[in-house]
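Notes follow the structure.
There are 2 protein chains.
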Amino acid sequence: MPYAEDALQILKSRGYRITQPRRKVLELLERAETALSPYEIKDLLDSAGERVDTVSIYRILECLEDNHLIHRVLTSGKVHKCDLSNEDHCRLDQEDHCHHNLICRSCGAIEEVHCPGLSPLEANLGKQAGFTIETHHLEFSGLCRKCS
Amino acid sequence: MPYAEDALQILKSRGYRITQPRRKVLELLERAETALSPYEIKDLLDSAGERVDTVSIYRILECLEDNHLIHRVLTSGKVHKCDLSNEDHCRLDQEDHCHHNLICRSCGAIEEVHCPGLSPLEANLGKQAGFTIETHHLEFSGLCRKCS
DNA sequence: ATCATTGCAAACCGTTTGCAGCCTT
DNA sequence: AAGGCTGCAAACGGTTTGCAATGAT
Chain A
1 MPYAEDALQI LKSRGYRITQ PRRKVLELLE RAETALSPYE IKDLLDSAGE
51 RVDTVSIYRI LECLEDNHLI HRVLTSGKVH KCDLSNEDHC RLDQEDHCHH
101 NLICRSCGAI EEVHCPGLSP LEANLGKQAG FTIETHHLEF SGLCRKCS
Chain B
149 MPYAEDALQI LKSRGYRITQ PRRKVLELLE RAETALSPYE IKDLLDSAGE
199 RVDTVSIYRI LECLEDNHLI HRVLTSGKVH KCDLSNEDHC RLDQEDHCHH
249 NLICRSCGAI EEVHCPGLSP LEANLGKQAG FTIETHHLEF SGLCRKCS
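Here's what the structure looks like:
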């Protein structure tokens, strides 16, 4: 459950250090229901009195992304915490961790969807075009349960 | 077939003017097999002796995108010509023209895929999460026929 | 004590804005 | 002739880099 703590332990096990700025960013991401841009993270931390330098936020996000602890929303570039309840989810050896997002256009809430792989339909699209599909990126936009 | 000419006629019919810069950009896009960034377009035009100001390229691309004559690749932000052979493809009243891309990671070639709508699998994903899906963005990356 | 990590300053780069002048209609 | 469109200059804003200081191990 505690996303921030889990993420910090994973980082530690991989030789990274547990620092205050990293903890502050992770705890913010733990609270956030929506995806956030680096600047939004900066502002939210500022207004909470938790001062972290903008540059550090960029570097921390890069580190978290490298370690599959956050992912980026393609259509906005914002970042969102990964679901760490699935053991394999943040493994480093899988280049393409296959999950997708349901993004509410009204409240911005993000729900993570575990992908069961290419559907027959999708596989067929590639085959028709003589294309060998390696990875795919998929995002849904719509209304979440509360907003619809 | 002649993408640039078709696009110019569509623009004209919508009250836009046919100008040299627009023609130059469209003819470049017609030749391009891969998606291009604004700066790549600028450089390619320069080396062809066809000088168009960077700012104009931005404004022309914005116009073309507004009119559904080009589309943007989500994972790179680059633009690519739309397939205009389909009559409805660049209509203005359809907010979400549903097509997707097969992008070759080796040569960058882009193939456009006409989307038959949400697959049962996709529709089901949304339903499970209580999500009303309105639009979706899908990109495939892999190897095209030549590169595989 | 060591070295990863942070904070600050400044550079960087793609993009946007304002405005005068040009060119299509 | 009118006004949409372009080109130039300059501003803008998010991101990156270099380096000294800090702090986790």
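Going line by line, the protein sequences match chains A and B. Under the numbering used here, the first residue of the first sequence is numbered 1, with each subsequent residue one higher. Under the numbering used here, the first residue of the second sequence is numbered 149, with each subsequent residue one higher. Cβ atoms here follow ideal geometry from the backbone N, Cα and C, with glycine treated the same way. As the structure is a computational prediction, the values presented were derived from the model and not from experiment.
Could you confirm whether any beta carbon from chain A is found closer than 7 Å to the beta carbon of leucine 222 (chain B)?
yes
Determine the closest residue to alanine 180 (chain B) out of B:His248, B:Glu259, B:Asp214, B:Gly197, with distance taken between C-alpha atoms.
B:Glu259
Taking DSSP as the reference, what is the three-state secondary structure of cysteine 107 (chain A)?
coil
With a threshold of 7 Å between beta-carbons, can valine 261 (chain B) be considered close to chain A, or not?
yes
Chain A contact for alanine 277 (chain B) (CB, 7 Å cutoff):
yes
Of the listed residues A:Asp53, A:Asn101, A:Thr34, A:Ile60, nearest to threonine 283 (chain B) (C-alpha basis)
A:Asn101
From the beta carbon of isoleucine 218 (chain B), is the nearest beta carbon of chain A less than 7 Å away?
no
If you draw a straight line from the alpha carbon of histidine 114 (chain A) to that of cysteine 292 (chain B), how long is it in whole angstroms?
27 Å
Mapping DSSP to helix, strand and coil, what is isoleucine 18 (chain A)?
coil
Quick check on glycine 278 (chain B): buried or exposed, where buried means 16 or more other Cβ atoms within 10 Å of its Cβ?
exposed
Which one of A:Arg14, A:Tyr16, A:Ser56, A:Val73 has the shortest CA to CA distance from lysine 24 (chain A)?
A:Ser56
Since arginine 220 (chain B) sits in a beta bridge, which residues does DSSP pair it with?
B:Val227
Where do the ends of the alpha helix (DSSP H) carrying glutamate 213 (chain B) lie?
202-214
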